[in-house]
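Number of protein chains: 4
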Amino acid sequence: MPEANPREIEAFLAEAFPQIADLNLRVEQAGGRKARVRMPIGEDNLRPGGTVSGPTLFWLADLGLYIAVLADLGTEAAAMAVTANATVNFLSKPERADLIADVRLMKLGRRLAVGEVAIYSEGKDDMVAHITGSYALPPAKTG
Amino acid sequence: MPEANPREIEAFLAEAFPQIADLNLRVEQAGGRKARVRMPIGEDNLRPGGTVSGPTLFWLADLGLYIAVLADLGTEAAAMAVTANATVNFLSKPERADLIADVRLMKLGRRLAVGEVAIYSEGKDDMVAHITGSYALPPAKTG
Amino acid sequence: MPEANPREIEAFLAEAFPQIADLNLRVEQAGGRKARVRMPIGEDNLRPGGTVSGPTLFWLADLGLYIAVLADLGTEAAAMAVTANATVNFLSKPERADLIADVRLMKLGRRLAVGEVAIYSEGKDDMVAHITGSYALPPAKTG
Amino acid sequence: MPEANPREIEAFLAEAFPQIADLNLRVEQAGGRKARVRMPIGEDNLRPGGTVSGPTLFWLADLGLYIAVLADLGTEAAAMAVTANATVNFLSKPERADLIADVRLMKLGRRLAVGEVAIYSEGKDDMVAHITGSYALPPAKTG
Chain X
1 MPEANPREIE AFLAEAFPQI ADLNLRVEQA GGRKARVRMP IGEDNLRPGG TVSGPTLFWL
61 ADLGLYIAVL ADLGTEAAAM AVTANATVNF LSKPERADLI ADVRLMKLGR RLAVGEVAIY
121 SEGKDDMVAH ITGSYALPPA KTG
Chain L
1 MPEANPREIE AFLAEAFPQI ADLNLRVEQA GGRKARVRMP IGEDNLRPGG TVSGPTLFWL
61 ADLGLYIAVL ADLGTEAAAM AVTANATVNF LSKPERADLI ADVRLMKLGR RLAVGEVAIY
121 SEGKDDMVAH ITGSYALPPA KTG
Chain S
1 MPEANPREIE AFLAEAFPQI ADLNLRVEQA GGRKARVRMP IGEDNLRPGG TVSGPTLFWL
61 ADLGLYIAVL ADLGTEAAAM AVTANATVNF LSKPERADLI ADVRLMKLGR RLAVGEVAIY
121 SEGKDDMVAH ITGSYALPPA KTG
Chain A
1 MPEANPREIE AFLAEAFPQI ADLNLRVEQA GGRKARVRMP IGEDNLRPGG TVSGPTLFWL
61 ADLGLYIAVL ADLGTEAAAM AVTANATVNF LSKPERADLI ADVRLMKLGR RLAVGEVAIY
121 SEGKDDMVAH ITGSYALPPA KTG
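Heads up: the sequence lines are chains X, L, S and A, in that order.
So the first sequence is numbered by UniProt numbering: it starts at 1 and just counts up by one.
So the second sequence is numbered by UniProt numbering: it starts at 1 and just counts up by one.
So the third sequence is numbered by UniProt numbering: it starts at 1 and just counts up by one.
So the fourth sequence is numbered by UniProt numbering: it starts at 1 and just counts up by one.
Quick look at the structure:
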């Protein structure tokens, strides 16, 4: 069983990162080294040219990895996890449709979590972007 | 001589990417496979916790590479260049001070530009983040 | 149907890269944007400490991507494809067992192929290494 | 003053990694978060086509980072450092000339060292390859 469920994670993010409230991210699934996060793309958060910027995709992926770590370690234990590095490949222009980030942790070690994120536009087969990233985990509390 | 100078690049960015106007980026230098970009960090664009988010650093680096490409190829020829991939290493928490992105193109080929960006907080020696990235270049027009 | 099947690809590699003959790679599957490559790990190619070096894993992954590209584009069209960049995450020490590289192309464009490789030790669940990489494709011949 | 000088590092590598003896690497400089490593390219280690393989460049870069860490932390403290991840950009075909790897550590933290490596062919200006990589450092012994 995950340490934190999707609703707990959304509540935690809303409090810890109020600046991303307007992204309206939805944690659809989290736990078991996986997560699925949806980012609605509506008239409001559409960019000129009708597309989503690369840094926004990066943000979605980075948060997706964080969410998978929060789910398995708990929001208290993992809140201070920080991105150590990340590699993003931009593969196709996102459609004007919700973005879905499928997250998978490939390693959840004592000091480092490593995962990958595949971002799709809802209803399309072509991957929009692929990200691998590492999170440095805070030392576990003992006692 | 660069194809586009810092003022021309700033004017081009303001028109092409109005959504980043509030980052107040300043192109301090551009051309000869290099660029230097300043991002002011004031009360206004300070995040909770007094720091700058990872995706914002990524954005600064990505734009820095684009600016170096624009300078050498010209805003018309390079406008449609798109990020193919990027790797970011986060190294230290940025201070509350202007961020400086030092950009260097390591390759400016016919199809691909590859560069690196070192981001510093003004007045501090420790690097805040390091990014390498590739831009796919549009086919050159033949006349 | 793939342009080149596993046996054709093995024959091509043996002729084009005689220096890797002693790796004894086996192309178990190739085509449809996927490939599976086996690297036998016996007494002979075991390193001191009983492990496989990072660069050898990198080599296996890089070849795996090349094999997937060869399968879909054909050995003639894709022979001159060259690695543009790659990111490798080392996740766990490989066991003394055959290594299996599972390759997936996420994009097979006109100019660039982008894929990922998951390397496992046979019979173990933990991923040994994960690699993403880009191959620059030679211009298509027009006839 | 570095903890280990170039001769001490070469002696350590020869004992710890006998399998790379035939690369004939020379540690020309090491310490102060920098290193310079030379790999002779002679008739003997020339590949078919007269070039150096990508994985060999990766090997050189990976070792270069390790050498810079060994120099600053000492061969005893840092021997067990392991590569966590690396990104390599291949930029130009190496000439038939010695390869020079210029290493710079951008961060030398308690748990992680992060650095970059620029590889050149001796006497040529164009960079052959650029690598960034992270080494996970063993926990410091406390006395």
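Beta carbons are placed, not taken as given, at the ideal position from N, Cα and C, and that holds for glycine.
These figures come from a predicted structure and were not determined experimentally.
Would you identify the three-state DSSP class for Arg7/L, choosing helix, strand or coil?
Arg7/L falls in the helix class under three-state DSSP.
Taking Cβ-Cβ distances shorter than 8 Å, what residues in chain A pair up with Asp62/S?
Per Cβ cutoff of 8 Å: Gly54, Pro55.
Cβ of Thr83/X less than 8 Å from any chain A Cβ?
no
Mind pulling the chain S residues with CB within less than 8 Å of Arg111/L?
Going along chain S in sequence order, the residues near Arg111/L (Cβ under 8 Å) are Arg111, Ala136.
So, under 8 Å CB-CB, Pro94/X and Ser134/X are touching, yes? Tell me the CB distance rounded to an integer number of Å.
In fact, because the Cβ distance is near 25 Å, the residues do not count as touching under 8 Å.
Tell me, to the nearest whole angstrom, how far the beta carbon of Thr75/L is from that of Phe17/L; I am working on the premise that it is less than 8 Å.
The Cβ separation is near 12 Å, so there is no contact.
Give, in chain order, every unbroken run of the beta strand (DSSP E) that is at least 3 residues long and sits entirely within the region 34 to 98 of chain X.
34 to 39, 82 to 90
Within 10 angstroms of its Cβ, does Gly115/A collect 16 or more other Cβ (buried), or is it exposed?
With 16 or more other Cβ atoms within 10 Å, it is buried.
Taking DSSP as the reference, what is the three-state secondary structure of Glu15/A?
helix
Run through DSSP, which three-state label would Leu23/L get?
helix
Can you tell me whether Val82/A is buried or exposed, with buried defined as 16 or more other CB within 10 angstroms of its CB?
exposed
Per the DSSP calculation, Met127/A is bridged to which residue(s)?
Beta-bridge pairing links Met127/A to Tyr120/A.
Run through chain A and tell me which residues come within less than 8 Å of Asn24/S, C-beta to C-beta.
The contact set of Asn24/S on chain A, defined by CB atoms closer than 8 Å, is empty, because the minimum CB distance reaches about 16 Å.
Would you mind telling me which residues of chain L sit closer than 9 Å to Leu91/A, beta carbon to beta carbon, in chain order?
In chain order: Met106, Lys107, Gly109, Val114.
How long is the line joining the alpha carbons of Ala110/X and Tyr66/X, rounded to whole angstroms?
One detail in the question is off: residue 110/X reads as Arg in this sequence, not Ala. When rounded, the distance between both Cα atoms is 15 Å.
Closest Cβ-Cβ distance between Thr75/X and chain A: below 8 Å?
no
If I measure Cβ to Cβ from Gly143/A and keep anything under 7 Å in the same chain, skipping five residues before and after, which residues do I get?
Residue placement at Gly143/A is poorly supported in this model, since its pLDDT is 45, which falls under 50; the coordinates are not used for a value here.
Only counting the same chain, and skipping five residues up and downstream in sequence, which positions put a Cβ closer than 6 Å to that of Asp126/S?
Ser92
Between Ala71/L, Phe90/L, Lys124/L, Ala101/L, which has its C-alpha nearest Ala4/L's C-alpha?
Ala71/L
Buried or exposed for Met39/S, please, with buried defined as at least 16 other CB atoms from any protein chain shown within 10 angstroms of its CB.
buried
By DSSP, does Ala140/X sit in helix, in strand, or in coil?
coil
Counting only C-beta atoms, is Asp125/X closer than 8 Å to chain S at any point?
Interface residue (Cβ-Cβ distance to chain S less than 8 Å): Asp125/X is not classified as such.
Name the chain A residues whose beta carbon is nearer than 7 Å to that of Thr132/L?
Thr87, Asn89, His130, Thr132
I'd like to know whether the C-beta of Phe58/L is nearer than 8 Å to at least one C-beta of chain X.
With 8 Å as the cut-off, Phe58/L counts as an interface residue toward chain X.
So Ile41/S and Val88/S are in contact, right, with Cβ under 8 Å, and what is the actual spacing, rounded?
Not quite, the Cβ-Cβ distance comes to about 18 Å (not below 8 Å), so this is no contact.
Rounded to whole angstroms, what's the CA-CA distance from Glu8/L to Glu28/L? Just pull it up for me.
12 Å
With a CB to CB cut of under 6 Å and the five nearest residues on each side skipped, what residues in its chain are close to Ala84/S?
Ser134, Ala136
For the structure I just gave you, are there three or more beta carbon pairs, one from the region 30 to 38 of chain A and one from the region 51 to 59 of chain A, closer than 8 Å?
Contact fails: fewer than three Cβ-Cβ distances are below 8 Å.
With a Cβ-Cβ cutoff of 8 Å, do Ala61/A and Val117/A count as a contact?
Taking a C-beta distance under 8 Å as the contact criterion, Ala61/A and Val117/A qualify as a contact pair.
Using DSSP's beta-bridge definition, name the partner residues of Gly115/A.
Leu105/A, Gly133/A
Quick one, which of Ile20/X, Val69/X, Phe58/X has its alpha-carbon nearest Ala35/X's?
Val69/X
Assuming Gly64/S contacts Ala101/S under a Cβ cut-off of 8 Å, what Cβ separation, rounded to an integer in Å, is found between them?
4 Å
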